[in-house]
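Protein chains: 2
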Amino acid sequence: TSEIAKLDPTDYVGFTFFVGCMAMMAASAFFFLSLSQFDKKWRTSVLVSGLITFIAAVHYFYMRDYWTSFQESPTFFRYVDWVLTVPLMCVEFYLILKVVGATKTLLWKMIIFSLIMLVTGYFGEAVFPGQAALWGFISGLAYFYIVYEIWLGSAKKLATTAGGDILKSHKILCWFVLVGWAIYPLGYMLGTDGWYTSILGSGSVDVAYNIADAINKIGFGLVIYALAVKSQKA
Amino acid sequence: TSEIAKLDPTDYVGFTFFVGCMAMMAASAFFFLSLSQFDKKWRTSVLVSGLITFIAAVHYFYMRDYWTSFQESPTFFRYVDWVLTVPLMCVEFYLILKVVGATKTLLWKMIIFSLIMLVTGYFGEAVFPGQAALWGFISGLAYFYIVYEIWLGSAKKLATTAGGDILKSHKILCWFVLVGWAIYPLGYMLGTDGWYTSILGSGSVDVAYNIADAINKIGFGLVIYALAVKSQKA
Ligand SMILES: CC1=C(/C=C/C(C)=C/C=C/C(C)=C/C=O)C(C)(C)CCC1
Ligand SMILES: CC1=C(/C=C/C(C)=C/C=C/C(C)=C/C=O)C(C)(C)CCC1
Numbered sequence: 306t307s308e309i310a311k312l313d314p315t316d317y318v319g320f321t322f323f324v325g326c327m328a329m330m331a332a333s334a335f336f337f338l339s340l341s342q343f344d345k346k347w348r349t350s351v352l353v354s355g356l357i358t359f360i361a362a363v364h365y366f367y368m369r370d371y372w373t374s375f376q377e378s379p380t381f382f383r384y385v386d387w388v389l390t391v392p393l394m395c396v397e398f399y400l401i402l403k404v405v406g407a408t409k410t411l412l413w414k415m416i417i418f419s420l421i422m423l424v425t426g427y428f429g430e431a432v433f434p435g436q437a438a439l440w441g442f443i444s445g446l447a448y449f450y451i452v453y454e455i456w457l458g459s460a461k462k463l464a465t466t467a468g469g470d471i472l473k474s475h476k477i478l479c480w481f482v483l484v485g486w487a488i489y490p491l492g493y494m495l496g497t498d499g500w501y502t503s504i505l506g507s508g509s510v511d512v513a514y515n516i517a518d519a520i521n522k523i524g525f526g527l528v529i530y531a532l533a534v535k536s537q538k539a
Numbered sequence: 306t307s308e309i310a311k312l313d314p315t316d317y318v319g320f321t322f323f324v325g326c327m328a329m330m331a332a333s334a335f336f337f338l339s340l341s342q343f344d345k346k347w348r349t350s351v352l353v354s355g356l357i358t359f360i361a362a363v364h365y366f367y368m369r370d371y372w373t374s375f376q377e378s379p380t381f382f383r384y385v386d387w388v389l390t391v392p393l394m395c396v397e398f399y400l401i402l403k404v405v406g407a408t409k410t411l412l413w414k415m416i417i418f419s420l421i422m423l424v425t426g427y428f429g430e431a432v433f434p435g436q437a438a439l440w441g442f443i444s445g446l447a448y449f450y451i452v453y454e455i456w457l458g459s460a461k462k463l464a465t466t467a468g469g470d471i472l473k474s475h476k477i478l479c480w481f482v483l484v485g486w487a488i489y490p491l492g493y494m495l496g497t498d499g500w501y502t503s504i505l506g507s508g509s510v511d512v513a514y515n516i517a518d519a520i521n522k523i524g525f526g527l528v529i530y531a532l533a534v535k536s537q538k539a
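As you go down the protein sequences, you meet chains A and B in turn. Throughout the first sequence, residue numbering follows this note's numbering, covering 306 to 539 in sequence. Throughout the second sequence, residue numbering follows this note's numbering, covering 306 to 539 in sequence.
This is the structure in structure tokens:
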């Protein structure tokens, strides 16, 4: 048997897995190799951006192979990835607001809510698909708490205190969470049997998740990167 | 046959192996890539933190695959990992106390007792499971000697002499050893046949060990990292 699989040219889901995998690898190389150009204060944030895409790159390798082998959603690996990368995105919010006094309490609150969001989402998607609506609802509540915290809660206040480029970047990241992250619950609904699978076919959930991941992981990291570049000049 | 395994979505033990594996990889990347920001005095400590998580990352790869293939505790690899990482954690205690005159004798004493703890623990867990209580008891004695040494013995005295951030970090590390390490003997008891396996099912020992490893290896490393960051500023 050969090492490399023969792919169907119309396997668009597989195509996005391959593109996603390499995009994450390239983004990691970009973030890691640019580290030395920043001063210490910003290096940690850019390093964490790199960790997020690096973790994703590894899981995209698994997911890509899983998809090519079984033509099935690699939900397990998807959530292993998210359980690590979403908390790290909370760390990014914390890191850029640390200069104006963000507390560990804020960080832990965001991490805990993001874990609630993911664990309940996993239950609805993989363990109790019959109760997808219920689990999705609980997950959504936790998601909205995070949205609230950064748009209107204490994270917002800290960003306003900081002002300038930090405030601007915080705002962009807030939009990522409100719009970019909202693709995931859409994907979840597309993937729930009997909701829309008849219209779009299975696999559409993966296309949605793959696009969302590229936007959120790489885009999010680039916002941090741009902030670091700007602060360097000032 | 395919390279990638099909995982049962309710295989939570497997889930913690996958998360653990990637968390250790990411932590290693974090410690290694942050090295250049520290001055020489602190670089060795952070480097050792990275070695601990890196060694763990490799063994988590083995353990993960072992678990997916056999649905059995990878006790062999577990102890191969510990036999390397636990002595390195003793080295961390030594390194931060070296500035105030920690001796190699202290280091060797801690290493030897940690090896006694692990070798006897391995006998009880893998070689003579019928005498799990006896071997666990001897292992526990060695464990308590280490606890004594850092909480009340000569390591404690050195930390007090050092004072300041070093004392504070030493104290946090002491708590890791007293509380975080205590999860391992709990896991040992959960895994011993006929003690609690009937209640929790096998595999629970691995969940306990995986959580403990994440706390102790990554958390421990982050304490050292934070100490290095603080000393940098001062
Ligand atoms: C609200 C909601 C969900 C939200 C998921 C999100 C918001 C995931 C974000 C992932 C990110 C940002 C990964 C990139 O690094 C689920 C779990 C699909 C379940 C349905 C309800
Ligand atoms: C006391 C005791 C044990 C203690 C194990 C410990 C304390 C392991 C620590 C491992 C670490 C810290 C690894 C992380 O790097 C055993 C061997 C389970 C056997 C039962 C009695």
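Cβ coordinates follow ideal geometry from the N, Cα and C atoms, glycine included.
- Taking 6 Å as the cut-off, one finds no heavy atom of ligand 1 near enough to the beta carbon of Thr-321 (chain A).
- Along the segment 356-375 of chain A, the positions whose C-beta sits under 8 Å from a C-beta of chain B are Leu-356, Phe-359, Ile-360, Val-363, His-364, Tyr-367, Asp-370, Tyr-371, Ser-374 and Phe-375, read in chain order.
- Against chain A, the beta carbon of Val-512 (chain B) has no neighbour under 9 Å; the closest one sits roughly 14 Å away.
- The three-state secondary structure of Trp-456 (chain A), taken from DSSP, is helix.
- For Val-404 (chain A), the CB stays at least 6 Å from every heavy atom of ligand 1.
- Counting along the chain, the unbroken alpha helix (DSSP H) around Gln-537 (chain A) starts and ends at 525-538.
- Under the 8 Å Cβ criterion, the segment 316-335 of chain A does not count as touching the segment 479-487 of chain A, having fewer than three qualifying pairs.
- Put simply, the CB of Ala-533 (chain B) is far from chain A, with every gap to its CB atoms at 7 Å or more.
- Between Phe-366 (chain B) and Gly-355 (chain B), the C-beta gap is not smaller than 7 Å, which leaves the two residues out of contact.
- Between Ser-474 (chain B) and Leu-400 (chain B), the beta carbon gap of about 11 Å keeps them out of contact (Cβ cut-off 8 Å).
- Going by beta carbons, Pro-314 (chain B) and Val-534 (chain A) fall outside the 7 Å limit.
- Secondary structure of Ala-310 (chain A) (DSSP, three-state): coil.
- Within chain B, the C-beta atoms nearer than 8 Å to that of Lys-345 (chain A) come from Gln-342 and Gln-537, in chain order.
- Listed by position along chain B, the residues whose Cβ is nearer than 9 Å to that of Arg-348 (chain A) are Leu-338, Ser-339, Ser-341 and Gln-342.
- Judged by their CB atoms, Tyr-493 (chain A) and Gly-441 (chain A) are nearer to each other than the 7 Å cut-off.
- Inter-residue distance for Leu-389 (chain B) and Val-396 (chain B) is about 11 Å (C-alpha atoms, whole angstroms).
- With 16 or more other Cβ atoms from the protein chains shown falling within 10 Å of its own Cβ, Gly-426 (chain B) counts as buried.
- Excluding the 5 residues flanking it on each side, Arg-348 (chain B) has same chain C-beta neighbours closer than 6 Å at Leu-340, in chain order.
- Relative to the Cα of Lys-476 (chain A), the nearest Cα in the group A:Tyr-317, A:Gly-496, A:Leu-495 and A:Tyr-453 belongs to A:Tyr-453.
- Residue contact with chain B for Val-432 (chain A): present (Cβ-Cβ distance below 7 Å to some residue of chain B).
- For Ile-309 (chain B), the neighbours in chain A by C-beta distance under 7 Å run, in chain order, Tyr-367, Asp-370, Tyr-371 and Ser-374.
- When the Cα atoms are used, Gly-468 (chain A) and Val-528 (chain A) turn out to be separated by approximately 16 Å.
- Scanning chain A for C-beta atoms nearer than 7 Å to the C-beta of Ala-334 (chain B) yields Leu-356 and Phe-359, reported in chain order.
- A straight-line Cα-Cα distance of about 14 Å links Leu-439 (chain B) and Ile-421 (chain B).
- Among the residues of chain A, those whose CB is under 7 Å from the CB of Phe-323 (chain B) are Val-385, following chain order.
- Taking C-beta atoms as the reference points, Ile-357 (chain B) and Leu-412 (chain B) fail to come closer than 7 Å.
- Taking 7 Å as the CB threshold, Leu-389 (chain A) lines the interface with chain B.
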